[in-house]
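Reading the sequence shown from the start, the letters are residues 1 to 248 in my numbering.
Contents: one structure, followed by commentary.
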Amino acid sequence: MYSIIVVPPPTTEAEPTRTQFRLAPGERLAFGRSVPEGGLLIGHDGVSRRAGEITAHGTFWALSNLSAHQTYVVENPEGAGEHIKVAPGRLDAPVPFEFSRIVLPAAGDLLPVEVWAPRHDYLRAEDGADGEPTAPAFSVDRTKRYFAVLAALCEPRLRGAPHAPLPTVEQVVERLRPGWPAASRAAVQWNIDYLAVKLRLKPGPETAEAGARLNGKKESLVSMALRFDLVREDDLVVLAAPPRRVPR
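Listed below in structure tokens is the structure:
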């Protein structure tokens, strides 16, 4: 049974013609500018002759960086900037993402190698457990206005642009107006300040020291929200305008 699918970087040929490599658990795939028969040949002068090796496991895969000087980055395209770095010479670095993109720096180019792992299994929550329930790490209500503000801040990076600049307060106001006609700059800024306190990025007004400020407040909020999955792509439905009522 195959568990890992590897898709080579695009070439001058049409995308659908790219050959996929399918690996069963325990199998390895070497890649580079000069590889043994059956390996992934990447014909670019900026790629090492023996650039690396992918090893398939049951529900994940591992990357060995065989280059002498170049760090590789493995991105989670669905993770709003989530990534891991694999240093030169690192062997069998485990990669936990279901869908991954190895980024190979190659003499000014960035070559993507896509790797698809099997769908991950998750433990189902048990009902009726004994004892008191565990308090949530972050208490957010997805029906509140502050969550819509947070979703609007996270939206550009959740839409597949992990390094996109964050929207300004004015842009957040315009984004929220279809579902919140009374949205204003002051109201959005109040919710951003409230989120900073609610998510414990800064103390509340009753305990804050005089003059204390949080620099990069929006960046800190978005970074925390995306890092801990407080806002996912599915949550962006809160930004949709409510359906119009058709008069009878």
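Even for Gly, the Cβ is constructed at its ideal location relative to N, Cα and C.
Annotation: the continuous beta strand (DSSP E) that includes Leu110 extends over Asp109 to Trp116. Under the Cβ criterion (8 Å, minimum of three pairs), the stretch 146–154 counts as touching the stretch 166–173. Residue pairing of Ser64 in beta bridges, as defined by DSSP: Glu53. Beyond the five residues adjoining it in sequence on each side, Ala80 comes within less than 6 Å, by CB distance, of Arg157, Leu158, Pro162 and Leu226 in the same chain, given in chain order. Comparing alpha carbon positions, the residue from Lys218, Leu176, Arg50 and Pro94 closest to Val35 is Arg50. Phe147 counts as buried, since no fewer than 16 other beta carbons sit within 10 angstroms of its beta carbon.
Scanning its chain for C-beta atoms nearer than 8 Å, with the 5 sequence neighbours on each side dropped, one finds around Leu66 the residues Gly32, Ser48, Arg50, Ala51, Gly52, Glu53 and Gly89, in chain order. With contacts defined as CB atoms closer than 8 Å, Gly58 and Pro25 qualify as a contacting pair.
Assignment of Glu75 by DSSP, reduced to helix, strand and coil, places it in the strand class. For Arg33, no beta strand (DSSP E) segment is defined, and its DSSP state is neither H nor E. Contact annotation: the stretch 138–146 touches the stretch 182–195, with at least three C-beta pairs closer than 8 Å. Less than 8 Å separates the beta-carbon of Val113 from that of Pro9.
Shown here, Ser100 sits in a strand according to DSSP, grouped into three states. Apart from the 5 residues on each side of it in sequence, Glu82 sits with its Cβ closer than 6 Å to the Cβ of Asn76 in its chain, given in chain order. Within the DSSP bridge table, the entry for Val6 names Phe21 and Val115 as partners. Beta bridge pairing from DSSP links Lys85 with Val73. In this model, Val86 and Leu110 are separated by some 15 Å (Cα to Cα). Residue pairing of Pro105 in beta bridges, as defined by DSSP: Leu110.
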